[in-house]
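Asker: Quick note: the sequence shown uses the numbering used here, first residue 4, plus one each step.
There's a structure below that I have some questions on.
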Amino acid sequence: MATRHLGIMALVMLLASAPAFGDASPGERERALEERIESLERMVQQLLDERGEAHAEDEAVRGEMEQLRQELAALEARDAEKTPSGTEFNFTGFIKHDMMYSRYSAGSAPPNSILRDFHVPAAIPVGGETSATDFDTHIRETRFIFDVQRPEDDLQAHLEFDFSAGTGGDERLTNTTSPNIRHAFLRWNDLLAGQTWTTFFNVGALPENIDFIGPAEGTIFVRQAQLRYTNGPWQFALENPETTVTPFGGGARIVTDTASIPDLVARYNHDADWGQFSVAALGRQLGIDGVNGRERETAFALSLSGRFDVGQNDIRWMVSGGPGIGRYLGLNTANEAVLDADGRLDTIDAYGGFLSYRHLWNDRWRSNFTLSAFSADNDTDLTGMNVTKSAESAHVNLIYQANPHLRFGLEYQHARREIESGDSGNMNRLQFATIYAF
4 MATRHLGIMA
14 LVMLLASAPA
24 FGDASPGERE
34 RALEERIESL
44 ERMVQQLLDE
54 RGEAHAEDEA
64 VRGEMEQLRQ
74 ELAALEARDA
84 EKTPSGTEFN
94 FTGFIKHDMM
104 YSRYSAGSAP
114 PNSILRDFHV
124 PAAIPVGGET
134 SATDFDTHIR
144 ETRFIFDVQR
154 PEDDLQAHLE
164 FDFSAGTGGD
174 ERLTNTTSPN
184 IRHAFLRWND
194 LLAGQTWTTF
204 FNVGALPENI
214 DFIGPAEGTI
224 FVRQAQLRYT
234 NGPWQFALEN
244 PETTVTPFGG
254 GARIVTDTAS
264 IPDLVARYNH
274 DADWGQFSVA
284 ALGRQLGIDG
294 VNGRERETAF
304 ALSLSGRFDV
314 GQNDIRWMVS
324 GGPGIGRYLG
334 LNTANEAVLD
344 ADGRLDTIDA
354 YGGFLSYRHL
364 WNDRWRSNFT
374 LSAFSADNDT
384 DLTGMNVTKS
394 AESAHVNLIY
404 QANPHLRFGL
414 EYQHARREIE
424 SGDSGNMNRL
434 QFATIYAF
């Protein structure tokens, strides 16, 4: 290439250095011109020869590059047969905006009550003589999900946030809300370690409600740290222990944070053409540090749940209960145990369940009809008369699926709570939601 450039430069210089013929004789001019032409012809031939060699060199380089491309493609195809594409990163979630009118029959819910945003059975006011109506709106169910997977290693990491914690600000100016960790776990093959839904909870049975939970009285609902092993339809887990206790004679809940062994869960799942079924057993050691030292009590619970497919529609259900089920059922409507006069733990029996029917009117419209109930068997000589005896709710909604990512929902909810003294109160709520899932 350099030789070719030099030849071109020499040709230009030769043309530029042509002699002036003003004073020369005709013969001298002819001889000079012939010499110039011969020199030019030699130079042009040399340039043509060099160009041919360069063209040949270019063709050889192109051939080598094409061969390298083919070899690289063959290597990539061979690697693709051995392993998937590698690490996969996914960011998903949804933005949810809620607006709700709530009417309480027995007094208003306090401004900072979680009941103003989500249905929590134990928070429904009872015993009041006047009713109250409140309007609330928020985005606290908005959710962000980060998921990383390496299929070749069967390895997954999952991190999920919402804004339900209710900390970080107020409604005066900016309505700021702090992120709240829902799930943070890793999974390798059949082993899961981290925080996620308790293995005692069959999430697939939960109905589609506009309220955050829906049948709150009758469902298991706990997220906590755990170590879980899955073997086919079987799951076994060691989970975070925690005990909630009612003081002798009643009073504010005691959260003990006292445990020497984890909560133990075993669960069996069955999937079939007609739907799915799950049975889960829970074994626990309750504990509290009292005046007589550390008190211990054993608790057990059972949960049955499932889904029956009826054409495009389905029926979802759950029944759970046992002595000391406590915080696992009904958003801790009843505690696990109550202290007796000697400071010893006495377990509280509690039971609950729900039934929900999901109906698709067409490709865009669907509805859910849900009934939920809870009951606690309190020893009122120990608990007093102000603890929750029973709670129920009914939900009906209409959901419009505008497109695969955007939906609107309207739900009416009637909920009632009664305490052991006989006082009761109910809540009627109309809730509208806009949800964009991405």
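The beta carbon of each residue, even a glycine, is placed where N, CA and C say it ideally should be.
In this text the structure is predicted, and so the values were computed from the model without any measurement.
(1) In the DSSP assignment, find the unbroken alpha helix (DSSP H) run with Leu385 in it and report its ends.
(2) Does the beta-carbon of Asn429 have 16 or more other beta-carbons within 10 angstroms, so that it is buried, or is it exposed?
(3) Excluding five sequence neighbours on each side, which residues of the same chain lie with their C-beta closer than 7 Å to the C-beta of Tyr439?
(4) Which residues share a DSSP beta bridge with Glu144?
(5) Determine, using beta-carbon pairs with one atom in the region 231-242 and one in the region 262-282, whether at least three such pairs fall under 8 Å.
(6) Across which residues does DSSP place Thr350 in a beta bridge pair?
(7) Can you tell me which of the three DSSP states Arg369 falls into?
(8) With DSSP run on the structure shown, which of helix, strand or coil describes Ile264?
(9) Alpha carbon to alpha carbon, what distance is there between Arg146 and Gly290?
(10) Thr222 and Arg330: beta carbons closer than 8 Å?
(11) Would the beta-carbon of Ala304 fall within 8 Å of that of Ile328?
(12) Check whether the region 188-201 touches the region 383-399, taking contact to mean three or more Cβ pairs, one atom from each stretch, closer than 8 Å.
(13) On the DSSP bridge list, what partners appear for Trp320?
(14) Look up Ile213 in the DSSP assignment and say whether it is helix, strand or coil.
(15) Tell me where the beta strand (DSSP E) around Leu194 begins and ends.
(16) On the DSSP bridge list, what partners appear for Trp2?
(17) Under 8 Å between the Cβ atoms of Ser134 and Tyr104?
(18) Scan the region 113-167 and note each continuous beta strand (DSSP E) run of 3 residues or more that stays entirely inside, going in chain order.
(19) For Leu118, I'd like the list of residues in its chain whose CB is within less than 6 Å of its CB, leaving aside the five on either flank, ordered along the chain.
(20) What do you get for Ala21, buried or exposed, if any count of 16 or more other CB atoms within 10 angstroms of its CB means buried?
(21) In angstroms with no decimal places, state the Cα-to-Cα distance between Asp426 and Ala109.
(22) For the beta strand (DSSP E) that Leu176 lies in, which residues bound it at each end?
(23) Identify which residue in Asn272, His141, Ser306, Gln70 has its Cα closest to the Cα of Thr177.
(24) Would you tell me roughly how many angstroms separate the C-alpha atoms of Thr86 and Ala76, rounded to the nearest one?
(25) To which residues of the same chain is Phe224 closer than 7 Å at the C-beta, ignoring the five residues directly before and after it?
(26) Can you tell me the Cβ-Cβ gap for Arg3 and Phe166, rounded? I've got them flagged as a contact below 8 Å.
(27) Shortest alpha-carbon distance to Asp137 belongs to which of Pro114, Gly131, Ser375?
(28) Leaving aside the five residues before and after Ala262 along the sequence, list all residues of the same chain whose C-beta is less than 8 Å from its C-beta, in chain order.
Answerer: By the coordinates alone:
(1) 383-386
(2) Counting Cβ neighbours within 10 Å, Asn429 comes out buried, since at least 16 surround it.
(3) Phe97, Ile98, His408, Leu409
(4) According to DSSP, which records beta bridges pairwise, Glu144 is partnered with nothing at all.
(5) They touch, by the three-pair rule.
(6) Residue pairing of Thr350 in beta bridges, as defined by DSSP: Ala340.
(7) In the three-state scheme derived from DSSP, where H, G and I count as helix and E and B as strand, Arg369 is classed as strand.
(8) coil
(9) 35 Å
(10) no
(11) yes
(12) When C-beta atoms of the region 188-201 are compared with those of the region 383-399, fewer than three pairs fall below 8 Å, so the two segments do not count as touching.
(13) Bridge partners of Trp320: Gly309, Leu358.
(14) coil
(15) 194-200
(16) In the structure as shown, the chain starts at 4 and stops at 441, and residue 2 therefore has no counterpart that could be examined.
(17) no
(18) Unbroken beta strand (DSSP E) runs of no fewer than 3 residues, entirely contained in the region 113-167, are found at 135-141, 146-153, 158-165, following chain order.
(19) If we look at Leu118 and ignore the five residues flanking it on each side, its Cβ neighbours are Ala112, Ala126.
(20) Bear in mind that the predicted position of Ala21 carries a pLDDT of just 47, short of 50, making it too unreliable to give a figure here.
(21) 9 Å
(22) It is not in any beta strand (DSSP E) - Leu176 carries neither H nor E in the DSSP assignment.
(23) His141
(24) Per-residue confidence for Thr86 stands at a pLDDT of 44, beneath the threshold of 50, marking its modelled position as unreliable; no derived number is given.
(25) Phe204, Ile216, Leu334
(26) One cannot answer for residue 3 here, as it falls past the ends of the chain, which runs 4 to 441.
(27) Pro114
(28) Pro244, Glu245, Thr246, Gln288, Gly290
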